[in-house]
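Each remark here refers to the structure printed beneath this line.
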Amino acid sequence: INLLGLMTIAPFTKIEADIRQSFRLLSRIKEELSSEIDRDQRFELSMGMSQDYEIAIEEGSTMIRVGTSIFGPRGR
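Here my numbering is used: the first residue of the sequence shown is 85, the next is one more, and so on.
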């Protein structure tokens, strides 16, 4: 297995502190893993979606998912 990075989805809440805490936790885990794994390439941190991508970027995200912002909400 070649680990390329980590991904998380924030808790379903509008409480910014809870969202930030989940992103910050994964960012710390990424830093710990990166220091233990001998890597020649970048270790991705995928977190943040249309509603919380700004927080994710502030907390170190290297990849965001913004489909709803681009395509609109899904039909039901």
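Ideal Cβ placement from N, Cα and C applies to all residues, glycine included.
Note that the structure is a prediction, hence the values are computed from the model and not measured.
Within the same chain, and ignoring the five residues on either side of residue 89 in sequence, the residues whose Cβ sits closer than 7 Å to its Cβ are 127, 128, 129, 130. Your pair residue 153 and residue 134 checks out as a contact, with CB atoms roughly 4 Å apart and the cut at 8 Å. Spatial neighbours of residue 143 in its own chain (CB-CB distance under 7 Å, excluding positions within 5 residues in sequence) are listed in chain order as 104, 107, 108, 111. DSSP places residue 160 outside any alpha helix (DSSP H), giving it a letter other than H or E. CA-to-CA, the gap between residue 138 and residue 102 works out to about 14 Å.
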